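**Student:**
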Amino acid sequence: MPAHLSARLCSLALSLLLIAFALPAFAGPFEDAVAKFANDDFSDTEEAIGVVAGSGNKLAFPIISALQDGRLMADPDSKKVYVTGTDGKSIDAATGETVASVPDSASAVRLNNRLRRSVDAALGSLTLQSPDVGTRLQAAQSVFKSHEETALEAVDAALAKETNRSVKAALGEARAAILLFKSDATEVEKLEAVATLKARGDQEALALLTGMGDQPASVTKAATSAIGSIQNSLAVWSMVQNAWYGLSLGSVLLLAAIGLAITFGVMGVINMAHGEMVMLGAYTTFVVQEVIRSRYPGLFDYSLLIAVPLAFLVAGAIGVLIERSIIRFLYGRPLETLLATWGLSLVLQQAVRTMFGPTNREVGNPSWMSGAFELGQITITYNRLWILLFTLAVFAILLAMLRYTALGLEMRAVTQNRRMAASMGIATSRVDALTFGLGSGIAGIAGVALSQIDNVSPNLGQSYIIDSFMVVVFGGVGNLWGTLVGAFTLGIANKFLEPVAGAVLGKIAILVLIILFIQKRPRGLFALKGRAVEA
Amino acid sequence: MTPHMLTRSLDRGATIFLAIVAACGILIPLSNLLLPAGSFLQVPTYLVALWGKYVCYAILALAIDLIWGYCGILSLGHGAFFALGGYAMGMYLMRQIGTRGVYGNPILPDFMVFLNWQKLPWYWYGFDMFWFAALMVLVVPGLLAFCFGWLAFRSRVTGVYLSIITQAMTYALLLAFFRNDFGFGGNNGLTDFKDILGFNVQAEGTRAALFALSCLALIIGFLICRAIVSSKLGKVLIAVRDAESRTRFLGYRVESYKLFVFTVSACMAGVAGALYVPQVGIINPSEFAPGNSIEAVIWVAVGGRGTLVGAALGAVVVNYAKTFFTSGVLAPYWLFMLGALFILVTLLLPKGIVGTFNAWWASTREKSTAAAIASAAAENGVEPKMAE
Amino acid sequence: MFSKSTHDIAASFCRRGVLAATAGLVLGLASLTGAKAADGTIKVGVLHSLSGTMAISETTLKDTILFLIDEQNKKGGVLGKKLEAVVVDPASNWPLFAEKARELITKDKVSVVFGCWTSVSRKSVLPVFKELNNILFYPVQYEGEESERNVFYTGAAPNQQAIPAVDYLMKEEKVKRWVLAGTDYVYPRTTNKILEAYLKSKGVAQEDIMINYTPFGHSDWQTIVADIKKFGSAGKKTAVVSTINGDANVPFYKELGNQGIKAKDIPVVAFSVGEEELAGIDTKPLVGHLAAWNYFESIKTKDGSNEKFIKDWQAYTKNPKRVTNDPMEAHVIGFNMWVKAVEKVKSTDPDKVIDALPGIEAPNLTGGVSKMLPNHHITKPVFIGEIKANGQFDVVWKTPGLVAGDAWSKELEGSKDLIGDWVGKKCGNFNTKTNKCLGSGS
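Each protein sequence line maps, in turn, to chains A, B and C.
Using UniProt numbering, you'd call the opening residue of the first sequence number 1 and step up by one each time.
Using UniProt numbering, you'd call the opening residue of the second sequence number 1 and step up by one each time.
Using UniProt numbering, you'd call the opening residue of the third sequence number 1 and step up by one each time.
Now the structure itself:
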């Protein structure tokens, strides 16, 4: 500590001295480097990062982390550089003195990707001994990524002190990565490094091993076998990954189709405006988020929770309105409902286009839906996981509703035998309206979920309508379980075909398979039996 | 009103329809070619091309009405047959470009040259000959319809299931033709045509001739449809439409009837597509879009399902509305109007324009004949007998 | 007896009805043909989709032209006449584009048309413009391989966008491995062919190039993003060159962000993602990804021309958040070039204007002056921008001067000897080896 202090004092004195002599305002490698931040030139900035990070100066960490967050301000005229703290206070980056305010002419030092990597690497070696476990782990990982020789010393020092197991492992891997590329490392060290990376066994380890260049024969041999074993295990994982992607795609298909399974499957209304109900749900989410952004920013993470019931109500209400004003005149003429609802879908699309504009609207991911976690060697993104869970929840609730509530009972009664239901005292027209409203409402909440992974634009609905019909028809009209199985089958089949055939051919293959399947089982996977079939 | 009277009155309607189409087919080209440009009665060339397009749509609508109106097969994939016919013609037109393409390659179309294709794919062979292309216009859609129908009708896929898988068919073709590797120009499709049978496709005379040919095709198509629906075969088709199982139990091989009429209809759609392409100057995968096929069904519904004349009329009316509404101040609202038109027609005119007109006419006639009988009876001092 | 009389009545009625219908048709025809150019105005056609899938991009361009016409009229119009916009909606329907182009030229008698976005819409209207001899200004970056007498291409050719972007990545980011990801249509196909040839000429091995195509509106990117991740972990610096089309971008970037592919690991440089597309995405996870354009809204100009344009545009649209983008700038340049050419020849006659246009210069919005070249493409600066958290771009690199647009790519076997020259050679596809015009001459 005293050494640092004296060095700082010394450099301070030196710079004051130099200013007094009206020589170039900065001297000493550190100050020189800091001043380079003000040049607005990427190469200068990169040089400055290297010097500052290696200077051992106490200001190095605040400067580099400020640079990363866009808090490092530089004044191009006076060539002075400032660090604005997260608390709003600012210091002079060269001296560490507190300044009253940053001049208006100063702007944040710009970064590009190359510089961001340098910043990460610099911060990595600077924070290897941070008191916070998370920071240390992150630091070790960024050293692993950059694997620059200069960080070896810091890694060794950190490794000696480290007590946390996972950080220790990460540091070990970082050390191995550095050694692998260090030209003067011994053969034994390199063999150890290969073994460590083989144990890590993921894509990045594979990347290092394949990219390590010329090595002694024994190392190359060890690396080759390590690469082989990693590749084998990754191949197995890629099957798991495909299955997961398939489930995820299936859940999206199911979500989009589930409302249709009610309006089309249960009621027999070919509802071409189904996609537009999904779109309305997505736009409801957009409106909710807009209100939250402007009025209650703190609630943003709850925006989807608020949007779900609202979307259900909006789409459901519009569904009831459509049923009362159009569909009810068309019962028994399923093909004509197709035409009317097609017209309706045009009207709804253009209405949304007029109200919200033709461009995509931004719907943000709440923090709990952003990012991913690693499960073994596959990445599972939170938004896909939540959508899968949400879909299953919606499905379960719907199923329970149809089975256990009075309304559900009435719905089943009306769809099975309208006349008899009516003569038992069920108000069939009310049930019709509510059923259609329910189907539309569920399409609306599908829109909330889909807004998280897709465009929110007037065309949103169109992209799902055909897929939804395929799912319902494939699964068997009138059977919710069929829709479930249909959606997941198509999703998984699609995702296993895609790596082999490519996205386009995969999709074509699926369509052809559906067409052939329908020949085999003309009424879908789970066909209704009995007289209703011919009706 | 008995079915007998319906056919009789439609027969008259049909004759008049044919007369109008024939008159248009003769007069419009003549007026376009012979009268001086700008005179009041001269039909400008762009209208000839525009109406030529409508006539092609009318043929497509006729094809759909034949299977939907008379046999109850709702195909939501007829746009695919139309587009296949169009592609067959487009391939012929592409081969006619010869060295006049931008790269001057005598064999390969431009899009193949810049994607570095070395030789013509086998399925392009023969399309430099008109007779072969013309044959393919019928064979390709017909064969697809035959295979598709053979599978579907034999396994008794009916109703909405059939409609949905026809959508799947056209959607799959859409995706396939989008692929550049497929060898049909990808999303850009086939365009920049020069000659058809040695005549410049952009010349006024060629356009007029194509228009006249389209009208002729419409007339022939109409006659074929009339012949089918008024024959004994047509009666069976109507029986299939109204009670498929009962017809089967009576000993008819329902699937053969359906297959026959489905294939004929697909061939007609192919011809419509083939005439459409030289007139609009482009064929690309968007013709396979599922929405297009649905729209074509809507033309039939608007005009009147099961009336033939109505189908053709519906195609013209809806497309004219589209042309009209997509220009000028109405442009931002045209989807509202088109959508509203579809909703209102299904709600208020469930029989379509022609169907409603027929019904209205029948009831007026009944009233007037009843009145005539009443007055005649009153004169003769006889108690009037109520008409049925 | 009964049936006979009713039959006659029916027949006569049918005849009357049909006559009435015919009369209606004829009237309809007449009303279509009846419109004539009002005296004292010059009509300008606007051919951009206002509905359907392309409305998302094209509506802004329609507004841009209306805005420019409004501004020009405030300055007194052109040749002492006011400009009048004729707006039609081709509804993202390619044959309808041809029909509407024909209608604009024949019925509305427009002097020039600004329009189209997709290549297929341009291809669809091309024969119409050639036949009826009118002018089309096409404002979007495209695959090149075309130079037509009646079309002026104010968007970027591949050498004005794709190649500089790849150069930047090679030099600045030291990229060694390339993913060329695109939507399966002609622009990505051609661009990727050109890039593949270019990369190979720079010594990139075949196994270091991965090409991937997806259908339009592809929304499930899980597999492809995972593939990119896998491809990127082969020990060499990897970048993605994206020619993914409009709608599919949002789910693509969302998936990238969620799977944790950061710009500093695998940067994505896009040619179809601009300010307008970003307005629909939460850009925080995308910071650092790149786009190559000839214009960015964030560019500061010394004379303040961009700032003024943005201010006026936002005032005109009454929307202080309305963004500007590259195709808009292309329309601004094209429009001003047309005005200058018309004023130069004192006529709106297409033949005269077409001949006058090459050589005309007009300021672009980034402080330079663009020039119309004999091949009907223009000179443009190329900028590489990084996405910022606020949905704008931070320019990290630009070409030292303006780049002249090549109608025919130097990298493709079929077109490397071709040039377009409508001034000297009067030919759009002149083969410099054989000294022959390959047909697309005037």
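Yeah, the Cβ is synthetic: ideal placement off N, Cα and C, and Gly gets one too.
From a predicted model like this one, the values you see are computed outputs, not experimental measurements.
I think B/Pro36 touches B/Gln167, with their Cβ atoms under 8 Å apart; what is that distance to the nearest whole Å?
**Tutor:** Rounded, the Cβ-Cβ distance is 49 Å, inconsistent with contact.
**Student:** Is the separation between the beta-carbon of A/Phe329 and that of A/Ile445 shorter than 9 Å?
**Tutor:** Not in contact: A/Phe329 and A/Ile445 (Cβ atoms no closer than 9 Å).
**Student:** Can you find a C-beta in chain A that's less than 9 Å from the C-beta of C/Ile244?
**Tutor:** No - not a single Cβ of chain A is within 9 Å of the one on C/Ile244.
**Student:** Please tell me whether C/Asn258 has its Cβ less than 9 Å away from any Cβ of chain A.
**Tutor:** It does; some Cβ of chain A falls within 9 Å.
**Student:** Could you check the C-alpha separation between A/Ala38 and C/Gln141 for me, to the nearest Å?
**Tutor:** Cα to Cα, the separation comes out at about 36 Å.
**Student:** Bridge partners of C/Glu386, per DSSP?
**Tutor:** C/Leu290, C/Asp394.
**Student:** How many angstroms separate the CA atom of B/Gly25 from the CA atom of C/Ala91?
**Tutor:** Their backbone Cα atoms lie some 29 Å apart in a straight line.
**Student:** Contact check, C/Glu297 vs C/Asn325 under 8 Å by CB: the rounded distance?
**Tutor:** Their Cβ separation, rounded to whole angstroms, is 7 Å, which keeps C/Glu297 and C/Asn325 in contact under 8 Å.
**Student:** For C/Val78, which residues of its own chain have a beta-carbon under 7 Å away from its beta-carbon, when the five flanking residues on both sides are left out?
**Tutor:** Contacts found: Ile42, Gln72, Val339, Val342, Glu343.
**Student:** Secondary structure at A/Met73, three-state DSSP: helix, strand or coil?
**Tutor:** Three-state DSSP puts A/Met73 in a strand.
**Student:** Consider the Cβ of A/Glu534: report whether some Cβ of chain B lies at a distance smaller than 9 Å.
**Tutor:** For A/Glu534, the predicted structure reports a pLDDT of 43, less than 50, and the residue's modelled location is therefore unreliable. A value from the coordinates is still provided. Chain B contact via Cβ: present.
**Student:** Looking only at its chain, what residues have a beta carbon closer than 7 Å to the beta carbon of B/Cys71, apart from the 5 residues adjacent to it on each side?
**Tutor:** Correct list, in chain order: Leu237, Val240, Arg241, Lys258, Val261.
**Student:** Return the residue from the list A/Val288, A/Gly85, A/Lys145, A/Asp132 that minimises the CA-CA distance to A/Ile64.
**Tutor:** The shortest C-alpha separation from A/Ile64 is found at A/Gly85.
**Student:** Can you check whether the C-beta of B/Gln202 is within less than 9 Å of a C-beta belonging to chain C?
**Tutor:** Answer yes: the Cβ-Cβ gap between B/Gln202 and chain C drops below 9 Å somewhere.
**Student:** Short of 8 Å in beta carbon distance, which residues of its chain neighbour C/Val88, apart from the five on each side in sequence? Order them along the chain.
**Tutor:** Gly45, Val46, Leu47, Lys100, Glu103, Leu104, listed in sequence order.
**Student:** Does at least one heavy atom of the ligand NAD sit under 8 Å from the Cβ of B/Leu348?
**Tutor:** No copy of the ligand NAD occurs in the structure displayed, which carries no ligand at all.
**Student:** Any beta carbon of chain B sitting closer than 9 Å to that of C/Ala91?
**Tutor:** Answer yes: the Cβ-Cβ gap between C/Ala91 and chain B drops below 9 Å somewhere.
**Student:** Relative to the alpha-carbon of C/Val166, which residue among C/Gly304, C/Trp313, C/Leu180 has its alpha-carbon at the smallest distance?
**Tutor:** Minimum Cα distance to C/Val166 is reached at C/Leu180.
**Student:** Taking the alpha-carbon positions, what's the C/Leu132 to B/Gln202 distance?
**Tutor:** If I take the Cα positions, the gap works out to 10 Å.
**Student:** Could you tell me the distance, in whole angstroms, from the CA atom of C/Thr191 to the CA atom of B/Trp131?
**Tutor:** If you take the alpha carbons of C/Thr191 and B/Trp131, they lie about 37 Å apart.
**Student:** Exposed or buried, A/Lys89, counting other C-beta atoms within 10 Å across all chains shown (16 or more means buried)?
**Tutor:** That one is exposed.
**Student:** Candidates B/Phe148, B/Val280, B/Ser39, B/Met112: which alpha carbon is nearest B/Ser75's?
**Tutor:** Nearest C-alpha to B/Ser75: B/Phe148.
**Student:** Tell me the rounded alpha-carbon separation between A/Ser118 and A/Gln68.
**Tutor:** Their Cα atoms are separated by approximately 10 Å.
**Student:** Taking 7 Å as the limit between beta carbons, can you name the residues of its chain near C/Glu277, skipping five residues before and five after?
**Tutor:** Hits under 7 Å: Gly246, Asn249.
**Student:** For A/Val414 and A/Thr428, what's the separation of their Cα atoms in angstroms?
**Tutor:** Approximately 6 Å, taken between the alpha carbons.
**Student:** Should B/Ala321 be flagged as near chain A, meaning a C-beta pair shorter than 9 Å?
**Tutor:** Not one chain A Cβ lies under 9 Å of B/Ala321.
**Student:** Could you check whether C/Ser305 and C/Pro400 sit closer than 9 Å to each other, using their CB atoms as the reference points?
**Tutor:** No. Outside cutoff.
**Student:** Assuming C/Leu370 is part of the alpha helix (DSSP H), what are its boundary residues?
**Tutor:** Residue identity differs from the one stated: residue 370 of chain C is Ser in this sequence, not Leu. That residue, C/Ser370, is in no alpha helix (DSSP H); its beta strand (DSSP E) goes 369 to 371.
**Student:** Quick one: grab the DSSP three-state call for C/Lys380.
**Tutor:** Note: C/Lys380 maps to strand in three-state DSSP.
**Student:** Considering C/Pro363, what are the terminal residues of the alpha helix (DSSP H) in which it resides?
**Tutor:** Looking at the DSSP string, C/Pro363 is not in any alpha helix (DSSP H); the run it does join, the beta strand (DSSP E), is 361 to 363.
**Student:** For the alpha helix (DSSP H) holding B/Asn319, just list the boundary residues, first then last.
**Tutor:** Taken as a continuous stretch (DSSP letters only), the alpha helix (DSSP H) holding B/Asn319 covers 309 to 325.
**Student:** Who are the neighbours of B/Phe132 on chain C, taking C-beta pairs under 9 Å?
**Tutor:** Near B/Phe132 there are no residues of chain C at all, since even the closest Cβ is about 24 Å away, more than 9 Å.
**Student:** CB-CB under 7 Å to C/Gly274, same chain, minus the five flanking residues each way: which ones, in chain order?
**Tutor:** Taken in chain order, the residues that qualify are Ala291, Trp293, Asn325, Asp326.
**Student:** DSSP three-state label for B/Asn200, please.
**Tutor:** B/Asn200: strand per DSSP, three-state reduction.
**Student:** Go ahead and label B/Trp361 buried or exposed: buried means 16 or more other beta carbons lie within 10 angstroms of its beta carbon, across all protein chains shown.
**Tutor:** Result: buried.
**Student:** For the segment 520 to 529 of chain A against the segment 284 to 291 of chain A, do three or more pairs of beta-carbon atoms, one drawn from each stretch, fall closer than 8 Å, so that the two count as touching?
**Tutor:** Contact between the segment 520 to 529 of chain A and the segment 284 to 291 of chain A is absent, because fewer than three Cβ pairs lie under 8 Å.
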